[in-house]
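Numbering (the working numbering), first residue to last: -17 to 203. The next block holds one structure in the form of C-alpha cells; read it before the comments.
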C-alpha cells in the first residue's frame, strides 16, 4: 500500500485483495480438492503444482500492491488438507523450506542489518528504549496474565520469559516493513537488535528463575 497511498489507490488495493481472497476460496480451493484429493494423483506432480501456485499467488499480490509474501500465505490458508499426495508434498515442501530457504532468509536479514547506523549515543539510547519497552510489554503482560489465571509466580515468570523471545515472525514483518518503506534501515536495525537480545536472554532468564525458586520448592517439599 505504500506504493499507492491515495484514497482511490487504497480502495483499489483492498478491493483487489478481497477479490483475490474470494478467487482462492471459491475457485482455487475446489480445484485443488479435485486435483489433489484423489490418492491416484502422481506424487511427482504435487510439488510442481504447489510451487506454481506459490509463484502465481506471490505475483498476484505483488501486482495488487501488497507484499508478495501475502499471496503464498493466502494460498496455504485455503489449501485443503487430508489427501495422501498433498500430505506427502507438504512434507517435502517443509524440508525444502527449513533446509534451503530458511538459512538464506536469516543471512539476508543479517545483511540488511547495519549496526553502523547506530553511530551515536542517541541512537543507542533509542535502541535501549525499544529493547526495554518491548521486553516489559510482552514479558509483563504474559506474566500477569498467567498470574491472573491462577498460576504461581515461577510458572508465570517462566511463561513471560518464553513469550518474550522473538522468532521468525518478527523478522518477516520487519523485512516487509523495510521493503514497503514503513520502517527506515535504522529502525529496522534497532528492532533486529531487540529481537536478538530478547531471544538470547530466554535461556539464561529461565535458568535464573529456576534457581530463584529452587529454595522455596525444596522448603515446601
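Every residue, glycine too, gets a C-beta built ideally from N, C-alpha and C.
- Its chain contains 29 as the residues whose beta carbon lies nearer than 7 Å to that of residue 74, once the 5 sequence neighbours on both sides are disregarded; these appear in chain order.
- Under the DSSP assignment, residue 54 falls in the alpha helix (DSSP H) whose first and last residues are 52 to 60.
- Counting along the chain, the unbroken alpha helix (DSSP H) around residue 177 starts and ends at 167 to 182.
- Nearest to residue 122 by C-alpha distance, out of 167, 145, 25, 153, is 145.
- Between residue 6 and residue 68, the C-beta spacing is not below 8 Å.
- Contiguous alpha helix (DSSP H) elements confined to the region 8 to 40 occur at 11 to 18, taking only those with 4 or more residues.
- The three-state reading of DSSP puts residue 129 in helix, counting H, G and I together.
- Here the C-alpha atom of residue 77 lies approximately 43 Å from the C-alpha atom of residue 103.
- Leaving aside the five residues that flank residue 175 on each side, the residues in its chain whose CB is nearer than 6 Å to its CB run, in chain order, 109.
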